[in-house]
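Undergrad: Once you've had a glance at the structure underneath, I'll fire off some questions.
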Ligand code: COA
């Protein structure tokens, strides 16, 4: 698609590959824009039911924001860059289809924040997660201070953000940050397997469930449950719920269309 973000579709799964291997897949403004475009391509393509994001090569998923961009940056430029990156990541989080991060090496700074905006994270055994911005006299600005505590709790989040220390894939699995760890050579196949599983479900039920779950940390329990009930009722506006129930009653595999 561009020289920094590659997209490819395999059946109902849309892949996004960060392709800046010589810079550990760090994201500069151009690659963020390309990522933004890739998200829009898949948002508008009904044949894509699930997205997988990964990094090119075996070393890095994404080493974060391109630090070169921060040299001599003015405060308002920094603000615009952070806000743009936050907007792109929020698009992923709010995308009406599931997004998997297949973390194939370093996920540092904005790279870890990118993975946090995805719905499911899986990692290769050599993956390393960290928010090292404090080591540069900064702190995370692509949503890390907000999403990491929601993902792993305040204590772990504060430790990682304030010390800038890294954690291994197995530690990430232990604290619930990733849903599975596999050998590097198996990561893509593992991601493809989960993606196919998701692609076989009703896109309507996944979309409405994702929207309800996304509100879980932003709202009180009663309001969240009310939203959950309304979202679930909305499932019946399409044919998939009836198809799923009929298929169960008829002892056959359901065929979901999203219609
Ligand atoms: N921004 C810009 N360039 C980056 C980068 C980043 N976030 N991360 C890595 N690179 C570049 C390196 O400068 C190097 O470029 P060069 O070959 O032109 O010198 C290249 O990517 C390879 O990185 P290198 O450091 O040589 O590899 P390594 O295996 O020793 O270490 C990392 C890899 C990812 C651990 C290390 O590069 C690193 O810590 N990067 C910074 C991560 C970070 O602080 N992210 C938050 C940014 S706010």
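In my numbering, the protein residues as written are 4 to 262. All C-beta atoms, glycine included, are put in the ideal place defined by N, C-alpha and C. Values in this document were obtained by computation on a predicted structure and should not be read as measured data.
1) Beta-carbon within less than 8 Å of residue 70's beta-carbon, same chain only, minus the 5 sequence neighbours each way: which residues are those?
2) Run the proximity test for residue 22: is its beta-carbon closer than 7 Å to any non-hydrogen atom belonging to ligand 2?
3) Just to confirm, are residue 172 and residue 130 a CB contact at a threshold of 8 Å?
4) Taking a contact to mean a Cβ-Cβ separation below 8 Å, would you say residue 147 touches residue 165 in this structure?
5) Going along the chain, which residues of its own chain have a beta-carbon closer than 6 Å to the beta-carbon of residue 60, five neighbours each way excluded?
6) So which of 123, 113 and 127 has the shortest CA-CA distance to residue 141?
7) Which full runs of the alpha helix (DSSP H) of 4+ residues lie inside the region 186-212, going along the chain?
8) According to DSSP, is residue 46 part of a helix, a strand, or is it coil?
9) Return helix, strand or coil for residue 3, following the three-state DSSP convention.
10) Measuring alpha carbon to alpha carbon, tell me which of 136, 8 and 187 ends up nearest residue 116.
11) I'd like to confirm something about residue 43: is its beta-carbon nearer than 7 Å to some heavy atom of ligand 1, or not?
12) If you follow the beta strand (DSSP E) that residue 111 is part of, which residue opens it and which one closes it?
13) What does the Cβ neighbour count give for residue 34, buried or exposed, with the cut at 16 atoms within 10 Å?
14) So is the beta-carbon of residue 111 under 7 Å away from any non-hydrogen atom of ligand 1?
15) Look up residue 262 in the DSSP assignment and say whether it is helix, strand or coil.
16) Does the Cβ-Cβ distance between residue 1 and residue 250 come in under 8 Å?
TA: So, from the data block:
1) Excluding positions up to five away in sequence, the list reads 29 and 139.
2) What this structure holds is ligand 1, not ligand 2.
3) The Cβ atoms of residue 172 and residue 130 sit closer than 8 Å to each other.
4) No; because the gap between Cβ atoms is not below 8 Å, this pair is not in contact.
5) The residues are 24.
6) The shortest Cα separation from residue 141 among 123, 113 and 127 belongs to 113.
7) As far as the region 186-212 is concerned, its whole alpha helix (DSSP H) runs of at least 4 residues are 190-202.
8) Secondary structure of residue 46 (DSSP, three-state): helix.
9) Residue 3 cannot be examined here, being either before or after the span of the chain that is shown, 4 to 262.
10) It is 136 whose Cα lies nearest to the Cα of residue 116.
11) For ligand 1, not one heavy atom lies less than 7 Å from the Cβ of residue 43.
12) 109-111 is the extent of the beta strand (DSSP E) around residue 111.
13) Answer is buried; the Cβ neighbour count reaches 16.
14) Taking non-hydrogen atoms of ligand 1 into account, the C-beta of residue 111 is found less than 7 Å away from one of them.
15) For residue 262, the secondary structure class from DSSP, reduced to helix, strand or coil, is coil.
16) The displayed coordinates of the chain run from 4 to 262. Any statement about residue 1 would go beyond what the structure contains.
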